[in-house]
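Okay, structure first, notes after.
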Amino acid sequence: MSYPPEHPEDLLEAFALGALEEGERDGVEAHLDACPHCSSLLADFEEASVLLAGAVPQAMPPAGLQARVMEAVAALPPVFVPQAREETSSSARSDSASRFTFSSFAMPLAAALVIGLLTASLLMNVVTTSRLNSLEQERLETNSRLEGLERGHASANAGIAQLAVENHETDSALKQVMETSYLMARPFTQPLLLQPTEGGGDSEGVLLVTNDGKKAILMLANMDPPQSSQAYQVWLARNGQHLPVGRISVDSSGWGTMALNPPESLYGYDWMNLTVDKPDTEVGGGSEMILQTRIISPADR
Amino acid sequence: MTDYQILEDQELLVRIAAGEKDALEAIYERYSSAVYSLARYMLRSEAVAEEATQDVFLNIWLKASSFNSSRGQPKTWIMSVAHHKIIDIIRSRRRAEAISDPKEYETLDLLPSDQVSTDEAVVRNLEAERVRRALERLPAAQQEVVTLAYFGGLSQSEIAAKLGQPLGTVKTRARLALQKLREELRQDDDE
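Line by line, the protein sequences are chains A and B.
In terms of the working numbering, the first sequence opens at residue 4 and continues consecutively.
In terms of the working numbering, the second sequence opens at residue 36 and continues consecutively.
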């Protein structure tokens with residue numbers, strides 16, 4: 004009887020001695036699973052080789068090793084646990100069909116699973132690295148946007164604060180307009196014209212005063228806008244004494260309005276003067292006078 | 036309740052293949068000493084031998100369904116699984132340590148027998164002595180090939196290179212040695 008050349012007969016004694024390289028050994032194992040002839044030949048060689056195993060000095064394994072083995076078995080993933088099946092008879096399975104139930108299915112599956120997991124972990128590593136780079140880029144961009152937003156926020160806050168100031172100014176201006184209108188509409192309100200002095204140019208002012216002299220509105224027109232942080236100072240004067248009663252600002256078109264609430268009746272004073280307000284100006288002193296009016300009580304007219 | 040201690044090896048392997056852990060425990064109790072002794076001798080380290088023994092019984096658990104009774108006795112299969120595992124460890128360790136000259140495996144007398152505390156161990160040591168005598172009766176060239184291969188973990192081509200002999204010569208010596216060993220031991224049994 005002749006055998007196909009793929010029968011690894013010349014490798015069987017080396018297989019029995021463990022003298023094959025791993026690749027050769029796997030090939031022979033696979034062949035043995037399906038070839039009773041080679042299995043039978045090998046049985047003769049292994050009968051001898053297994054005796055060699057018994058030639059070594061005998062020793063007992065440590066007492067705890069059995070428990071460790073069983074723990075290791077219990078810790079195997081479910082794919083490594085053979086499927087329970089109906090008990091076979093003690094004559095067991097020499098037929099090859101039943102031998103393929105577990106090892107020929109689960110082991111390749113497990114190997115594929117392991118390879119798959121390794122590949123997946125490598126891919127995940129690459130993907131994760133790429134993702135990390137991308138996240139770092141996003142983080143930088145986000146930080147940049149946040150800084151922009153913070154600047155915008157600060158700017159918006161400043162804008163809101165400015166709006167509040169402007170709103171307050173608008174309210175004040177509107178209130179002054181209402182007061183002015185009201186005063187002008189009153190039958191006994193006295194308008195006094197402030198006229199320019201030397202250096203006053205063509206500017207002028209109107210002072211509206213209530214009958215009792217306790218309330219007044221000063222309006223300026225055609226004023227030269229003062230330099231920044233400067234305003235015009237309003238004075239009341241009598242008997243050579245000057246009393247500052249307030250500061251009045253003008254807008255870029257030369258208009259300005261303010262309400263006056265003097266401590267006593269305006270009619271107790273002789274003059275109202277308007278000077279440029281300078282920080283170092285002495286009270287009522289020699290700063291440049293712009294406008295002036297003589298205060299005349301209604302009774303004197 | 037199954038009494039696994041009274042079951043034949045072959046039945047135990049069938050039950051292991053079916054996932055019965057008690058069957059593996061029974062196989063362990065029967066073969067752990069033989070496996071551990073071989074591992075301890077070949078690996079020259081009790082710690083590594085313990086790890087190897089654990090791996091062998093894990094392999095038995097995983098591969099039990101591939102046991103084929105036409106290939107021989109369960110004991111032969113179990114010791115073959117063990118021997119292949121131990122050789123894998125030796126080779127990977129050799130690759131790691133670049134050791135290629137396992138002189139210490141050229142005789143069998145390096146490691147004294149100990150822990151002969153049980154009757155079973157005494158019997159096995161007697162058998163070991165019998166195998167050693169059979170091995171010593173082999174021609175020196177065959178004894179050398181068998182020792183380098185089986186206990187040293189060298190492949191046929193490594194042995195050929197080491198001995199300066201053609202690969203075919205090594206194969207022939209291995210085959211003749213195994214045939215002669217089997218005959219010697221059968222004769223011993225007949226005596």
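Just so it is clear, CB atoms sit at the ideal spot from N, CA and C, and this is done for glycine as well.
Assign residue i to buried or exposed, taking buried as 16 or more other Cβ atoms, counted over all protein chains shown, within 10 Å of its Cβ.
{"i": "Asp174/A", "result": "exposed"}
{"i": "Trp238/A", "result": "buried"}
{"i": "Ile41/B", "result": "exposed"}
{"i": "Gln140/A", "result": "exposed"}
{"i": "Val31/A", "result": "buried"}
{"i": "Leu152/A", "result": "exposed"}
{"i": "Trp274/A", "result": "exposed"}
{"i": "Thr278/A", "result": "buried"}
{"i": "His156/A", "result": "exposed"}
{"i": "Leu73/B", "result": "buried"}
{"i": "Ile163/A", "result": "exposed"}
{"i": "Lys206/B", "result": "buried"}
{"i": "Val180/A", "result": "exposed"}
{"i": "Met187/A", "result": "exposed"}
{"i": "Ala66/A", "result": "exposed"}
{"i": "Leu79/A", "result": "exposed"}
Against residue i, what residues of chain B qualify as contacts under a CB-to-CB distance less than 8 Å, listed in chain order?
{"i": "Asp36/A", "result": "Ser101, Asn103"}
{"i": "Ala46/A", "result": "Ser105, Arg106, Gly107, Thr111"}
{"i": "Leu68/A", "result": "Ser67, Tyr71, Glu85, Thr88, Gln89"}
{"i": "Glu16/A", "result": "Lys206, Ala209, Arg210, Leu213"}
Based on Cα-Cα distance, which residue from the options lies nearest to residue i?
{"i": "Pro228/A", "options": "Pro247/A, Gly259/A, Ala219/A", "result": "Gly259/A"}
{"i": "Leu23/A", "options": "Ile51/B, Glu46/B, Val181/B", "result": "Val181/B"}
{"i": "Ala70/A", "options": "Glu46/B, Ala99/B, Gln89/B", "result": "Gln89/B"}
{"i": "Ser127/B", "options": "Leu59/B, Gly187/B, Ile51/B", "result": "Gly187/B"}
{"i": "Val248/A", "options": "Ile220/A, Asp254/A, Gly257/A", "result": "Ile220/A"}
{"i": "Ile124/B", "options": "Ala84/B, Ala53/B, Ala58/B", "result": "Ala84/B"}
{"i": "Pro194/A", "options": "Leu54/A, Ile298/A, Pro60/A", "result": "Ile298/A"}
{"i": "Val253/A", "options": "Tyr235/A, Glu49/A, Val59/A", "result": "Tyr235/A"}
{"i": "Glu60/B", "options": "Pro265/A, Leu68/A, Ser184/A", "result": "Leu68/A"}
{"i": "Asn276/A", "options": "Gln179/A, Pro266/A, Ser256/A, Leu223/A", "result": "Leu223/A"}
{"i": "Asn264/A", "options": "Val209/A, Asp215/A, Val53/A", "result": "Asp215/A"}
{"i": "Leu211/B", "options": "Arg79/B, Val49/B, Leu93/B, Leu170/B", "result": "Leu170/B"}
{"i": "Ser255/A", "options": "Asn225/A, Leu196/A, Glu207/A", "result": "Asn225/A"}
{"i": "Val166/B", "options": "Thr145/A, Ala58/A, Phe191/A", "result": "Ala58/A"}
{"i": "Leu173/B", "options": "Ala195/B, Pro201/B, Arg217/B", "result": "Arg217/B"}
{"i": "Lys178/A", "options": "Met261/A, Leu14/A, Ala17/A, Tyr272/A", "result": "Met261/A"}
{"i": "Phe92/B", "options": "Ser104/B, Leu78/B, Lys120/B", "result": "Lys120/B"}
Residue i versus chain A: which residues are under 7 Å apart at the beta carbon?
{"i": "Leu59/B", "result": "Val76"}
{"i": "Ile122/B", "result": "Gly21"}
{"i": "Arg75/B", "result": "Ala62"}
What are the start and end residues of the alpha helix (DSSP H) that includes residue i?
{"i": "Tyr66/B", "result": "56-78"}
{"i": "Leu48/B", "result": "44-52"}
{"i": "Thr88/B", "result": "81-98"}
{"i": "Leu173/B", "result": "Element bounds for Leu173/B: n/a, residue is neither H nor E."}
{"i": "Leu55/A", "result": "39-56"}
{"i": "Pro64/A", "result": "Per DSSP, Pro64/A belongs to no alpha helix (DSSP H) and is neither H nor E."}
{"i": "Val116/B", "result": "109-132"}
{"i": "Ala19/A", "result": "15-20"}
Per DSSP, residue i is paired with what?
{"i": "Tyr235/A", "result": "Ile251/A, Val279/A"}
{"i": "His245/A", "result": "Ala240/A"}
{"i": "Met292/A", "result": "Thr278/A"}
{"i": "Arg297/A", "result": "Trp274/A"}
Give me the chain B residues within the contact set of residue i, using Cβ-Cβ distance strictly less than 7 Å, ordered along the chain.
{"i": "Glu50/A", "result": "Gly107, Thr111, Arg217"}
{"i": "Ala58/A", "result": "Leu143, Ala163, Val166, Arg167, Leu170"}
{"i": "Arg148/A", "result": "What Arg148/A touches in chain B: nothing, since even the nearest Cβ is about 53 Å away."}
{"i": "Pro65/A", "result": "Glu85"}
List, in chain order, every chain A residue whose beta-carbon is nearer than 8 Å to that of residue i.
{"i": "Gly199/B", "result": "None at all; the shortest Cβ gap to chain A is about 17 Å."}
{"i": "Leu220/B", "result": "Ala51, Leu54"}
{"i": "Gln191/B", "result": "Ala17, Ala22, Leu23"}
{"i": "Ala184/B", "result": "Ala17, Leu20, Gly21, Ala22"}
Quick one: give me the first and last residue of the beta strand (DSSP E) that residue i is part of.
{"i": "Glu207/A", "result": "207-212"}
{"i": "Ala219/A", "result": "219-224"}
{"i": "Leu263/A", "result": "259-263"}
{"i": "Gln191/B", "result": "Where Gln191/B is concerned, there is no enclosing beta strand (DSSP E), although the alpha helix (DSSP H) it sits in stretches over 191-198."}
{"i": "Pro199/A", "result": "193-199"}
Could you tell me which chain A residues have their CB closer than 9 Å to the CB of residue i, listed as they occur along the chain?
{"i": "Asn94/B", "result": "Chain A residues near Asn94/B: none, gap ~11 Å exceeds 9 Å."}
{"i": "Tyr39/B", "result": "Near Tyr39/B there are no residues of chain A at all, since even the closest Cβ is about 12 Å away, more than 9 Å."}
{"i": "Leu78/B", "result": "Within chain A, no residue comes near Leu78/B; the closest Cβ sits about 11 Å away, beyond 9 Å."}
{"i": "Ile194/B", "result": "Ala22"}
Using a C-beta to C-beta distance shorter than 9 Å, which residues of chain B count as neighbours of residue i?
{"i": "Asp29/A", "result": "In chain order: nothing, as chain B lies at least about 10 Å away."}
{"i": "Ser137/A", "result": "Chain B residues near Ser137/A: none, gap ~39 Å exceeds 9 Å."}
Report yes if the C-beta of residue i is less than 8 Å from at least one heavy atom of the ligand ZN; otherwise report no.
{"i": "Ile220/A", "result": "Only the bare structure without any ligand can be found here, which leaves the ligand ZN out of the picture."}
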